[in-house]
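Numbering (the working numbering), first residue to last: 1 to 58.
Have a look at the structure below before the remarks.
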Amino acid sequence: MDSYPFPCPWCNEPNELLVDPGELGQQVVVDCHVCCRPIEILLPDDPDGEPEVRGEGR
1 MDSYPFPCPW CNEPNELLVD PGELGQQVVV DCHVCCRPIE ILLPDDPDGE PEVRGEGR
């Protein structure tokens, strides 16, 4: 599993996502560890690509 640190798009607090290589190319929704708002993360198809982090409802 790879670890991907990212700031919450809502409160800007640091978060971290553990990415399983089998999840590449999928969309996941996680809650911020601080403000608990949902964060949509689009995982790249390429293991060297960067995930795209978005706040839902934007």
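C-beta: ideal position from N, C-alpha, C; glycine also.
Note that this is a predicted model, so its numbers are computed, not measured.
Check: Buried or exposed: which applies to C35, given that a residue is buried once 16 or more other Cβ atoms fall within 10 Å of its Cβ?; Outcome: exposed
Check: Decide if N15 is buried, meaning its Cβ has at least 16 other Cβ atoms within 10 Å, or exposed.; Outcome: buried
Check: Taking Cβ to Cβ, would you say L18 is nearer than 8 Å to P44?; Outcome: no
Check: If you drop the 5 nearest sequence neighbours on each side, which residues of the same chain put their C-beta closer than 7 Å to that of D2?; Outcome: V19
Check: So what does DSSP say about P14, is it helix, strand or coil?; Outcome: strand
Check: Helix, strand or coil, according to DSSP, for P21 in the structure here?; Outcome: helix
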